[in-house]
Amino acid sequence: MAPGELKKYRNKQRKARKRAELEKEKQTAAQEKREQHIKSRQQQDGETDGMKEEELVPEKLAKTDDPLGQAIRFLRPLQSLASERIETHLLAFEIYIRKDKLLLMLQSIKRAWLIDPKHHKLHSNLIRFCNIVSSRKEIPAPVKTVLKQEMERIYKEKNAHELNEEFLAQFFNSLPHLLQGARMKYCLDKQSQEKAISYVTNFNNQIKGVTIESCVEVLEAMRNGDLGSCDKEMASFLTKCQELFPYATVFRQAHENNVGPTTNSVANHVDSLPKEE
Numbered sequence: 002m003a004p005g006e007l008k009k010y011r012n013k014q015r016k017a018r019k020r021a022e023l024e025k026e027k028q029t030a031a032q033e034k035r036e037q038h039i040k041s042r043q044q045q046d047g048e049t050d051g052m053k054e055e056e057l058v059p060e061k062l063a064k065t066d067d068p069l070g071q072a073i074r075f076l077r078p079l080q081s082l083a084s085e086r087i088e089t090h091l092l093a094f095e096i097y098i099r100k101d102k103l104l105l106m107l108q109s110i111k112r113a114w115l116i117d118p119k120h121h122k123l124h125s126n127l128i129r130f131c132n133i134v135s136s137r138k139e140i141p142a143p144v145k146t147v148l149k150q151e152m153e154r155i156y157k158e159k160n161a162h163e164l165n166e167e168f169l170a171q172f173f174n175s176l177p178h179l180l181q182g183a184r185m186k187y188c189l190d191k192q193s194q195e196k197a198i199s200y201v202t203n204f205n206n207q208i209k210g211v212t213i214e215s216c217v218e219v220l221e222a223m224r225n226g227d228l229g230s231c232d233k234e235m236a237s238f239l240t241k242c243q244e245l246f247p248y249a250t251v252f253r254q255a256h257e258n259n260v261g262p263t264t265n266s267v268a269n270h271v272d273s274l275p276k277e278e
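If you read the sequence shown in our numbering, its first letter stands for residue 2, the second for the next number, and so on.
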């Protein structure tokens, strides 16, 4: 073989070996990738199986080392997907008040206020937040500036007491609003218990929003101490609820057990009740 042809032949062999080596490397890499994928899937399946087994134990689900952190993880999708619902921002406030985050509390209030400034449950958030800010002795200057600027738009320079009295006067004929106003009245002044209780127990036919659910919320507030110790008044109000809603088993069962009903118990009974005329 001529030297030139021999050189070409060797070059072809060298290129062929190189192509074979590259192909082998590709096959090896692909095999490793497949093995890693299979191993990863097996690990995920094992974790999922373990999670499923754990999910079958309610006690473990109820326990968490960071309940507020878990609550925030639950909240964030709601803030993205249900930002138009005031319940999202009411929930956010309840989380942030427990984490003592003033600016995030303010953010929740602003968002809820833009949706429905007259919502009865927003009112209790407004009063509690105002009370927290006014009683806080040390607030960083930048935070204080933001709070002052934003709160002026909502509170109109009224303090918690003034705002609550104005709310009670404005919504004198709505039981859901009266309940929140009464709760805040007692919260701000423990000496006003008798007056606070009267707002939600001495109602007549002109009061709106007197439903099974709203009456249960009143009884829950009494039972939880939101209106102070008032067992006698709670028993009297429970009797009134039985008269108003004679078919509502939730009130009959509560009377028999000598305890206030809960909102969960309403869900178990209200669907089967005949409509009140």
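Backbone N, C-alpha and C define an ideal beta-carbon position, used for all residues, glycine too.
Distance CB(residue i)-CB(residue j) smaller than 8 Å
| i | j | result |
| --- | --- | --- |
| residue 156 | residue 131 | yes |
| residue 165 | residue 180 | no |
| residue 204 | residue 176 | yes |
| residue 110 | residue 161 | no |
| residue 184 | residue 125 | yes |
| residue 219 | residue 201 | yes |
Residues of its chain near residue i, where Cβ-Cβ distance is below 7 Å and the 5 sequence neighbours each way are ignored
| i | result |
| --- | --- |
| residue 114 | 123 and 155 |
| residue 83 | 89 |
| residue 21 | none |
Beta-carbon separation (whole angstroms), residue i vs residue j, contact threshold 8 Å
| i | j | result |
| --- | --- | --- |
| residue 79 | residue 89 | 5 Å |
| residue 228 | residue 194 | 6 Å |
| residue 252 | residue 246 | 6 Å |
| residue 174 | residue 196 | Actually they are not in contact, since the Cβ atoms of residue 174 and residue 196 sit about 17 Å apart, beyond 8 Å. |
| residue 104 | residue 134 | In fact, because the Cβ distance is near 11 Å, the residues do not count as touching under 8 Å. |
| residue 76 | residue 91 | That pair is no contact at about 11 Å. |
| residue 69 | residue 102 | Actually they do not touch by this definition, with Cβ atoms about 10 Å apart. |
| residue 249 | residue 213 | 5 Å |
| residue 107 | residue 153 | That belief does not hold up - the Cβ atoms of residue 107 and residue 153 are roughly 12 Å apart, past 8 Å. |
Continuous alpha helix (DSSP H) stretch holding residue i: start and end
| i | result |
| --- | --- |
| residue 194 | 194-202 |
| residue 172 | Segment: none, residue 172 is in no alpha helix (DSSP H) and carries neither H nor E. |
| residue 145 | 142-156 |
| residue 207 | Premise fails: residue 207 is in no alpha helix (DSSP H) and is neither H nor E. |
| residue 138 | No alpha helix (DSSP H) holds residue 138; DSSP gives it neither H nor E. |
| residue 95 | 87-100 |
| residue 186 | 176-189 |
| residue 81 | 68-82 |
Neighbourhood of residue i by C-beta distance below 6 Å, restricted to the same chain and skipping five residues each side
| i | result |
| --- | --- |
| residue 223 | 231 and 235 |
| residue 87 | 113, 116, 117 and 120 |
| residue 178 | 121 and 172 |
| residue 243 | 252 |
| residue 215 | 176 and 177 |
| residue 72 | 96 |
Contact set for residue i: own chain, Cβ-Cβ below 8 Å, skip 5 residues either direction
| i | result |
| --- | --- |
| residue 191 | 229 |
| residue 140 | 103, 134 and 148 |
| residue 167 | 159 |
| residue 182 | 124, 165, 168, 169, 172 and 200 |
My parser needs the alpha helix (DSSP H) runs of 4 or more residues fully inside the region 106-133; what are they? none
Which complete alpha helix (DSSP H) runs does the region 214-257 hold, if anything under 4 residues is left out? 232-245
Entirely within the region 15-44 and at least 4 residues each: give me those alpha helix (DSSP H) ranges in chain order. none
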